[in-house]
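Asks:
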Amino acid sequence: MAVNRCMCTGTTFAQVKRCAEETGASYEQVLEMTRCGEGCGLCLPYIKLVLLSGLVDLPVLTPEVYKRLIAQYTQSPTAQPPRQCCESREEHAPGMAAKAISG
Ligand code: FES
Numbered sequence: 208m209a210v211n212r213c214m215c216t217g218t219t220f221a222q223v224k225r226c227a228e229e230t231g232a233s234y235e236q237v238l239e240m241t242r243c244g245e246g247c248g249l250c251l252p253y254i255k256l257v258l259l260s261g262l263v264d265l266p267v268l269t270p271e272v273y274k275r276l277i278a279q280y281t282q283s284p285t286a287q288p289p290r291q292c293c294e295s296r297e298e299h300a301p302g303m304a305a306k307a308i309s310g
């Protein structure tokens, strides 16, 4: 199973990648423009990897997989996810407005 979007906003990682490529935006700026991460935060480590790797279909990230991929793309084996997600997406996702970047 590949993860390819922010479940709370509906923004695909392809849209995130295109946003970064077209604007040269930083990680924080991309989050602000796409609104990814404003819900449960589950997508934050994925967004970071999208921007580092250019990949838009990612495996489900366990802490070990995240560390391995971050190390692969940054040469930083001690990297940590930017934020731990909640226990259950279900408790945060309902009612979240789907706001994807257009274009
Ligand atoms: S999956 Fe992106 S904020 Fe919830």
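Residue 310 is where the sequence shown ends in the working numbering, and the numbering goes up by one at each step.
Every residue gets a Cβ at the ideal spot worked out from N, C-alpha and C, and that includes glycine.
Report yes or no: do three or more beta-carbon pairs, one from the region 267-276 and one from the region 232-248, lie closer than 8 Å?
Replies: No, the region 267-276 does not touch the region 232-248.
Asks: Following a CB-centred definition, is G246 positioned closer than 7 Å to any heavy atom of the ligand FES?
Replies: Taking the first residue of the sequence shown as position 1, residue 246 is located at position 39. Result yes, Cβ under 7 Å from the ligand FES.
Asks: Find the nearest neighbour of G217 within the set G231, I277, C247, judged by alpha-carbon distance.
Replies: Taking the first residue of the sequence shown as 1, we reach residue 217 at position 10. Of G231, I277, C247, the residue nearest in Cα terms is C247.
Asks: Taking the beta carbon of T219 as the centre, do at least 16 other beta carbons fall within 10 Å, making it buried, or is it exposed?
Replies: Locating residue 219 in the sequence shown gives position 12, where the first residue counts as 1. Buried is the call here.
Asks: Hey, would you say N211 sits closer than 8 Å to V267, going by beta carbons?
Replies: The residue labelled residue 211 in the question sits at position 4 within the sequence shown. The residue labelled residue 267 in the question sits at position 60 within the sequence shown. No; because the gap between Cβ atoms is not below 8 Å, this pair is not in contact.
Asks: With distances taken from CA atoms, which of Y253, C226, V237 is nearest A204?
Replies: Here the chain has residues from 208 to 310 only, and residue 204 is not among them.
Asks: Would you identify the three-state DSSP class for R242, choosing helix, strand or coil?
Replies: For the purposes of this step, residue 242 is taken as the residue at position 35 of the sequence shown. Three-state result, R242: coil.
Asks: Taking the Cβ atom as the reference point for each residue, do C250 and C226 lie within a distance shorter than 8 Å?
Replies: As a working note, residue 250 is residue 43 in the sequence shown. As a working note, residue 226 is residue 19 in the sequence shown. No, the Cβ-Cβ distance between C250 and C226 is not below 8 Å.
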